[in-house]
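Peer 1: At position 5 of the sequence shown the residue is numbered 5 (my numbering), and the sequence of numbers has no breaks.
No residue lacks a Cβ here, since even glycine has one placed at the ideal position from N, Cα and C.
Please read through the structure below; I'll follow up with questions.
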Amino acid sequence: MKQNILLILIPILFLTSCTAKESSKKGASMNTFNSVSMDEGLKLMASDRDFVLLDVRTPEEFSSGHIPGALQLTNETFTKEDAENLLKNKGQTIYVYCRSGRRSKQASKKLIDFGYVNVIEIGGIIEYAGPLEK
């Protein structure tokens, strides 16, 4: 009797173990950022109290005019250390933009790879109609 129970339990335990491993693999590969329009991003920021707005254009582009309150990291050159020095909380919402949306997508992927978990890519400043800060 005990032998029969063991013969039934061993395959069940094995299958459960395999399923758990597959689930954790799937979860790890699902680390990605969200992309929304600039307008949708602005609406989300209006209702969010704790976020960072990140401009990933060059310092020259940033100084020529950026969305008020934005911080700057250059997409092509920022490292994990640069990100961690500027963005202390990896769970905080980070809204990322550039000029047209290409660099913001690249930077958002880098941030996810660096362990940031709440990254929202909002496209390019060319879609922004509000005032700029210099």
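1) Going by DSSP in three states, residue 35 sits in which element: helix, strand or coil?
2) Just to confirm the assignment, what range does the alpha helix (DSSP H) spanning residue 113 have?
3) Would you list the residues sitting across from residue 124 in a DSSP beta bridge?
4) For residue 84, does the three-state DSSP call read helix, strand or coil?
5) Hey, could you find the ends of the alpha helix (DSSP H) residue 165 is sitting in?
6) Name the one or two DSSP bridge partners that residue 93 has.
7) If you count every other CB in all the chains shown that lies within 10 Å of the CB of residue 134, and 16 or more means buried, which is it?
8) Residues in its own chain within less than 8 Å of residue 126 by CB, not counting five upstream and five downstream?
9) Residue 55: buried (16+ other C-beta within 10 angstroms of its C-beta) or exposed?
10) How about residue 86 and residue 96: are their beta carbons less than 9 Å apart?
11) Residue 72 and residue 49 - do their beta-carbons sit closer together than 9 Å?
12) What residues in its chain sit with their C-beta under 6 Å from that of residue 105, if we drop five residues either side in the sequence?
13) Nearest to residue 117 by CA position, among 107, 44, 102 and 91, is which residue?
Peer 2: On the basis of the supplied data:
1) Looking at residue 35 - three-state DSSP - the assignment turns out to be strand.
2) Note, residue 113: alpha helix (DSSP H), 102 to 113.
3) BP columns for residue 124 point to 98.
4) In the structure shown, residue 84 sits in a helix (DSSP, three-state: H, G or I).
5) Only positions 1 to 134 of the chain appear in the structure, and residue 165 is not among them; the question remains open.
6) 51.
7) Under this definition residue 134 is an exposed residue.
8) Counting only residues of its own chain and dropping the five nearest sequence neighbours on each side, residue 126 has a CB closer than 8 Å to the CB of 99 and 100.
9) Flag for residue 55 reads buried.
10) By the CB criterion at 9 Å, residue 86 and residue 96 fall outside the cutoff.
11) At a Cβ-Cβ threshold of 9 Å, residue 49 and residue 72 do not count as neighbours.
12) Closer than 6 Å at Cβ, skipping near neighbours: 121.
13) The candidate whose alpha carbon is nearest that of residue 117 is 91.
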